[in-house]
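This report refers to the structure that appears directly beneath it.
In my numbering, the protein residues as written are 59 to 267.
So this is what it looks like as structure tokens:
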């Protein structure tokens, strides 16, 4: 049973600490399995490394000759973005990724030195007017599409308040790079700990902790 794997001290109870440790382990396994699954696909010459050329050819090779594909995706733009992230993950700058560097490329949120690229990509996705900031309407538009004359749901109104009160720290009506970083990668937030607390609260019928 999964409970037996989580209950490391075998006392018959699952504590928040045990649950947090198990969640972190599960997260690491997910990342590891993801990298292992893709490694064989991209390491074409099986030299134990993945070069940018290998990744580009496998991912974009069939699309680069067609500047206007039927599915509407701009593959050249996507490739430029991937190359930028690949170079950021490639610490020694040789355009060849070790398994650790490839992991940072695929899962940049797991690495401190990749956080700037996560923020940059997020801002590019949400910033529709190209001013290098995220304003309130762009922030809301990323999570909610307004449907005609329908009233906004309460959760959207709450998000508007969150933006004004907490996200936009300098009250200039928009989020800059640092404010966006605090939003998507808060330094005082531990995902595993938050999830463990939530699960303990939901399952602890006797409220004994």
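Here a beta-carbon is modelled for each residue, glycine too, at the ideal position from N, C-alpha and C.
All of these numbers come straight from a predicted model, not from anything done at the bench.
Item: Environment of residue 217 [buried if 16+ CB atoms lie within 10 Å]; Value: buried
Item: Short Cβ contact (8 Å threshold) for residue 192 with residue 143; Value: no
Item: For residue 192, the residue or residues it bridges with in DSSP; Value: 233
Item: Which listed residue (207, 108, 118, 234) has its alpha carbon closest to that of residue 161; Value: 108
Item: Contact under 8 Å by Cβ, residue 179 with residue 186; Value: no
Item: Burial state of residue 120 (16 or more Cβ within 10 Å); Value: exposed
Item: For residue 162: DSSP bridge partner residues; Value: Residue 162 pairs with nothing; no bridge assigned.
Item: Exposure label - residue 159; buried when at least 16 CB within 10 Å; Value: buried
Item: Inter-residue Cα distance where the pair is residue 173 and residue 237; Value: 13 Å
Item: Pick from 220, 157, 221 that is closest to residue 104, judged by C-alpha positions; Value: 157
Item: Span of the alpha helix (DSSP H), counted from its first residue to its last, around residue 92; Value: 74 to 100
Item: Separation of residue 230 from residue 240, as counted between CA atoms; Value: 16 Å
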